[in-house]
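Colleague: Which chain is which? The protein sequence lines are A and B, in order.
Note that this note's numbering gives residue 398 to position 19 of the first sequence, counting from 1, and the numbers run on in steps of one.
Note that this note's numbering gives residue -3 to position 5 of the second sequence, counting from 1, and the numbers run on in steps of one.
The structure follows.
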Amino acid sequence: AQSVTQPDIHITVSEGASLELRCNYSYGATPYLFWYVQSPGQGLQLLLKYFSGDTLVQGIKGFEAEFKRSQSSFNLRKPSVHWSDAAEYFCAVGADTPLVFGKGTRLSVIA
Amino acid sequence: NAGVTQTPKFHILKIGQSMTLQCTQDMNHNYMYWYRQDPGMGLKLIYYSVGAGITDKGEVPNGYNVSRSTTEDFPLRLELAAPSQTSVYFCASSKGTGEVHQPQHFGDGTRLSIL
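Here it is, written out as structure tokens:
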């Protein structure tokens, strides 16, 4: 069965610092991978997605993610975090079945 | 451009009562989904639909029912509400091509408390 693990429940970074959020997945076939962001009181917004091809994908708001098949990982990165990036981030996997979501990583940004 | 609209945004329900959470989308998407979100647990799929007249159970369907009579609407019904159903409910829709599921559009959620 497919599953997603986000090892970090909560991460705090300083504004301007780099960010990496971890995501590991289990999926029986070639996965489609997604990162979503959720601001307080809001629904989820798609940041980026990987279907095939180049393993480094660019998304909105300056985020990128790298698919590493050998490590079953799809980590999200941003070179310089802004205070407005404080939110909850969800990794998800799926293709011919509905998406399965990780439990999320809450990002706090400090001055 | 409304996207996915959920009503109500907040509701308090008494144990044993029933209610329907409404979801409508104006993007002509074939696929629609209902999730519940509990603190620290991510999103759990309740039911989904790949087209009008077709629905399937997700991971946590017990205590819920759905129907899909039109492309636009996908209501979620709670029968005999229980405290365990206190949660935030999200509806989502996807263009859905072939067998590929891509819920890319989420509503803002319905926050439901059962007391």
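In this text, a Cβ means the ideal position worked out from N, Cα and C, and glycines have one as well.
It should be emphasised that the depicted structure is a prediction, and the values quoted were computed from it without experimental measurement.
1) Just to make sure I have the definition right: I need the residues of chain B whose C-beta is within less than 8 angstroms of the C-beta of residue 446 of chain A. Which are they?
2) Beta carbon of residue 7 of chain B, beta carbon of residue 53 of chain B: below 8 angstroms?
3) Would you tell me roughly how many angstroms separate the C-alpha atoms of residue 33 of chain B and residue 483 of chain A, rounded to the nearest one?
4) So, helix, strand or coil for residue 491 of chain A, using DSSP?
5) Could you work out which residues of chain A lie near residue 104 of chain B, taking near to mean beta carbons separated by less than 9 angstroms?
6) Residues in its own chain within less than 8 angstroms of residue 459 of chain A by CB, not counting five upstream and five downstream?
7) Let me check understanding here. Comparing Cα to Cα, which of A/434, A/426, A/476 lies closest to residue 457 of chain A?
8) In terms of residue numbering, what span does the beta strand (DSSP E) encompassing residue 14 of chain B cover?
9) Identify each residue in the stretch 28 to 45 of chain B for which the Cβ-Cβ distance to at least one residue of chain A is less than 7 angstroms, and report them in chain order.
10) Quick check: the stretch 459 to 471 of chain A against the stretch -5 to 15 of chain B, are there 3 or more CB pairs under 8 angstroms?
11) Quick one: Cα of residue 479 of chain A to Cα of residue 384 of chain A, how far?
12) Pull up the distance between the alpha-carbon of residue 450 of chain A and that of residue 443 of chain A, whole angstroms please.
13) Check this for me: beta carbons of residue 44 of chain B and residue 16 of chain B, under 8 angstroms apart or not?
14) Please check if any C-beta of chain E sits within less than 8 angstroms of the C-beta of residue 482 of chain A.
15) Under a Cβ-count criterion, where at least 16 other Cβ atoms within 10 Å of its own Cβ denotes burial, should residue 493 of chain A be classed as buried or exposed?
16) Answer yes or no: do residue 424 of chain A and residue 467 of chain A have a C-beta to C-beta separation smaller than 8 angstroms?
17) What residues of chain A sit near residue 98 of chain B, judged by a beta carbon separation below 7 angstroms?
18) Count the CB pairs spanning the stretch 430 to 440 of chain A and the stretch 21 to 35 of chain B that are closer than 8 angstroms, and state whether there are at least three.
19) Where does residue 97 of chain B land, buried or exposed, given buried means 16+ other C-beta within 10 angstroms?
20) What would DSSP say about residue 450 of chain A, mapped onto helix, strand or coil?
21) In whole angstroms, give me the CA-to-CA distance for residue 81 of chain B and residue 26 of chain B.
22) Just verifying my parser: in three-state terms, what is the DSSP assignment at residue 464 of chain A?
23) Between which two residues does the beta strand (DSSP E) containing residue 399 of chain A stretch?
Modeller: Straight from the coordinates:
1) Ordered by position in chain B, no residue passes the 8 angstroms Cβ test against residue 446 of chain A, which lies about 16 angstroms from the chain.
2) no
3) 8 angstroms
4) Look at the range of chain A in this structure, 380 to 490, and you will see that residue 491 of chain A is not part of it.
5) The premise fails here: residue 104 of chain B is roughly 14 angstroms from chain A at the closest Cβ pair, so nothing lies under 9 angstroms.
6) 395, 396, 397, 441
7) A/426
8) 11 to 17
9) 32, 33, 34, 35, 37, 40
10) no
11) 10 angstroms
12) 17 angstroms
13) no
14) Of the protein chains in this structure, namely A and B, none is chain E.
15) In the structure displayed, chain A extends from 380 to 490; residue 493 of chain A sits before or after that span and is not available.
16) no
17) 422, 423
18) no
19) buried
20) helix
21) 7 angstroms
22) helix
23) 398 to 400
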